[in-house]
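**Student:** Same order as they appear, the protein sequences are chains P and A. Position 79 of the first sequence, counted from 1, bears residue number 76 in this note's numbering, the numbering being contiguous throughout. Position 127 of the second sequence, counted from 1, bears residue number 124 in this note's numbering, the numbering being contiguous throughout. Every residue gets a Cβ at the ideal spot worked out from N, C-alpha and C, and that includes glycine. All of these numbers come straight from a predicted model, not from anything done at the bench.
Protein chains: 2
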Amino acid sequence: MRIPQSLSGDGRLYLHDLTVGQRFTTRSHTLTKEEIVAFARLYDPQGFHLDEAEAENSLFEGLAASGWHTAAISMRLLVESGPRLAGGLVGTSGELSWPRPTRPGDTLHVETEVLEIRPSQSKPDRGIVAVRNLTLKQNGDVAQSFAVRLLVPQKP
Amino acid sequence: MRIPQSLSGDGRLYLHDLTVGQRFTTRSHTLTKEEIVAFARLYDPQGFHLDEAEAENSLFEGLAASGWHTAAISMRLLVESGPRLAGGLVGTSGELSWPRPTRPGDTLHVETEVLEIRPSQSKPDRGIVAVRNLTLKQNGDVAQSFAVRLLVPQKP
């Protein structure tokens, strides 16, 4: 269990509870083909996310989850079992990449590392925390990397 | 209608059909509160995406869609009415930001601009096209910016 005890009493982490290099790990989630197709129907209806035969003849060379599906699952894992930040997980911007496709049967979890902590100049009640969230497969391959700036409150 | 005729016969755009500065515009989609809450329940179950009263007391100061919901809707708009690229819309990485929250009742559409076109050195059958996708609200405010590198096939 790598999530530190909060010093803040309510179990949530404020800006001063975070340190550069701190790491967090979520639980994991295994994707089914049905889940991949259902997400794609709603948000990314392209053949390589919907149909195995079409996917074979695409750049993906096989059925692949929408990158946004990988992103959405990563978010759910973080909300449910990632760092318990005071104020919640609120990202403003970041660098997103999908080095390889997520496939049916892949088991994903997210590892977070704190990269930088910066109190806000203009708003003394908060700071910006840069973290890297890596969404990893069962074999350690990176399915998604999101280096994101989060808004984190100062302890009142 | 700003989508150019393809020179390629099948109505799909190959690498040589694209030019820097080219623009595309999607149709629009209006979000309901119910949609925002349903997406959040599945992928981003935080109070400020689920409950109006909780949202009032959060950094968002009112119910806000998950950024991943804005991203997913933007993708659907692009797939259904954005640039009809040969090979589909396949992004590999990019810079993502949410300058302001998406709210219930907001009407979103996506405007795409081609920023850079680069044939692949290692794989002569494709190239990398950098585009900026801006997800805009009814009043022109930017809900999301995604500057993304897309894989686009060369004409066979």
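(1) Using 8 Å as the threshold, is the C-beta distance between P:Gly79 and P:Thr109 below it?
(2) Against chain A, with Cβ distances strictly below 8 Å, would P:Thr89 count as a contact?
(3) Report yes if the C-beta distance between A:Leu93 and A:Ile125 is below 8 Å; otherwise report no.
(4) Is it the case that the segment 109 to 122 of chain A contacts the segment 56 to 72 of chain P, given that we only count it when at least three CB pairs across the two stretches are under 8 Å?
(5) So with CB distances below 7 Å, who are the chain P contacts of A:Gly64?
(6) Find the residues of chain P that neighbour A:Tyr40, judging by a C-beta separation of less than 8 Å, and give them in chain order.
(7) My output table needs one value for P:Arg123: the three-state DSSP class, helix, strand or coil.
(8) Under 8 Å between C-beta atoms, does P:Val139 make it to chain A?
(9) Can you give the Cα-Cα distance for P:Asn54 and A:Lys152, rounded to whole angstroms?
(10) With 16 other CB atoms within 10 Å as the buried threshold, where does A:Ala86 fall?
(11) Are the beta-carbon atoms belonging to A:Val111 and A:Leu10 less than 8 Å from one another?
(12) To which residues of the same chain is A:Phe143 closer than 6 Å at the C-beta, ignoring the five residues directly before and after it?
(13) Suppose contacts are defined by Cβ-Cβ distances below 8 Å. Is P:Arg100 in contact with P:Gly8 by that definition?
(14) Which same chain residues end up closer than 6 Å to P:Ala37 when comparing Cβ atoms and leaving out the 5 residues on each side of it in sequence?
(15) Closer than 8 Å, CB to CB, is P:Phe45 near chain A or not?
(16) Out of P:Leu39, P:Ile114, P:His66, P:Pro42, point me to the one whose CA is closest to P:Thr29's CA.
(17) If you run the structure through DSSP and keep just helix, strand and coil, what is A:Leu12?
(18) What would DSSP say about P:Gly64, mapped onto helix, strand or coil?
(19) What first and last residue would you give for the beta strand (DSSP E) that runs through P:Ala140?
(20) For P:Leu133, I'd like the list of residues in its chain whose CB is within less than 8 Å of its CB, leaving aside the five on either flank, ordered along the chain.
(21) Have a look at A:His13 and A:Ser25 and give me their C-alpha separation to the nearest angstrom.
(22) So A:Ile33 packs on A:Leu60, CB below 8 Å; how close in whole Å?
(23) Is the beta carbon of A:Ala52 less than 8 Å from the beta carbon of A:Gly44?
(24) Does any C-beta atom of chain A lie closer than 8 Å to the C-beta of P:Val107?
(25) List, in chain order, every chain A residue whose beta-carbon is nearer than 9 Å to that of P:Glu32.
(26) Of the residues that make up the segment 74 to 85 of chain A, which ones have a beta carbon closer than 8 Å to any beta carbon in chain P?
(27) Using the C-alpha atoms, what's the distance from P:Pro150 back to P:Ala127?
(28) Once you ignore the five residues that flank A:Thr27 on each side, which residues in its own chain have a CB closer than 6 Å to its CB?
(29) Which residue spans inside the segment 15 to 77 of chain A form an unbroken alpha helix (DSSP H) run of at least 4?
(30) Go ahead and pull the three-state DSSP assignment for A:Leu112.
(31) In whole angstroms, what separates the C-alpha of A:Trp95 from that of P:Glu77?
(32) Which residues in chain A have a C-beta closer than 9 Å to the C-beta of P:Glu92? List them in chain order.
(33) In the DSSP assignment, what residue or residues form a beta bridge with P:Leu131?
(34) Drop a sphere of 10 angstroms on the beta-carbon of A:Ala50, count the other beta-carbons inside from all chains shown, and report buried for 16 or more, exposed for fewer.
**Tutor:** If we stick to the structure as given:
(1) Between P:Gly79 and P:Thr109, the CB-CB gap stays under 8 Å.
(2) yes
(3) The answer is no: Cβ separation not under 8 Å.
(4) no
(5) Gly88
(6) Those are Ala69, Ile70, Met72, Arg73, listed as they occur along chain P.
(7) strand
(8) For P:Val139, not one C-beta of chain A is nearer than 8 Å to its own C-beta.
(9) 16 Å
(10) Looking at the sequence itself, residue 86 of chain A is Leu, so the reference to Ala does not match. By the 10 Å Cβ count, A:Leu86 comes out buried.
(11) A:Leu10 is positioned such that its CB atom lies no closer than 8 Å to that of A:Val111.
(12) Gly91, Leu93, Asn130
(13) no
(14) Excluding sequence neighbours, P:Ala37 sits near His46, Leu47, Ser63.
(15) At least one CB atom of chain A sits nearer than 8 Å to the CB of P:Phe45.
(16) The shortest Cα separation from P:Thr29 among P:Leu39, P:Ile114, P:His66, P:Pro42 belongs to P:His66.
(17) For A:Leu12, the three-state secondary structure derived from DSSP is helix.
(18) Look at P:Gly64 here: in three-state DSSP terms it is helix.
(19) Per DSSP, P:Ala140 belongs to the beta strand (DSSP E) from 139 to 150.
(20) Leu105, His106, Val107, Glu108, Val139, Ala140
(21) 28 Å
(22) 7 Å
(23) A:Gly44 is positioned such that its CB atom lies closer than 8 Å to that of A:Ala52.
(24) At a cut-off of 8 Å between beta carbons, P:Val107 makes no contact with chain A.
(25) Per Cβ cutoff of 9 Å: no residues; P:Glu32 is ~10 Å from chain A at best.
(26) Val76, Glu77, Gly84, Gly85
(27) In a straight line, the C-alpha of P:Ala127 is about 14 Å away from that of P:Pro150.
(28) Thr104
(29) Entirely contained in the segment 15 to 77 of chain A, the alpha helix (DSSP H) runs reaching 4 residues are, in chain order, 30 to 40, 44 to 47, 49 to 53.
(30) strand
(31) 22 Å
(32) Those within 9 Å of P:Glu92 in chain A are Ser90, Gly91, Glu92, Leu93.
(33) Partner residues in the beta bridge of P:Leu131, as assigned by DSSP, are P:Glu108, P:Ser142.
(34) Classification of A:Ala50: exposed, given that the 10 Å Cβ count is below 16.
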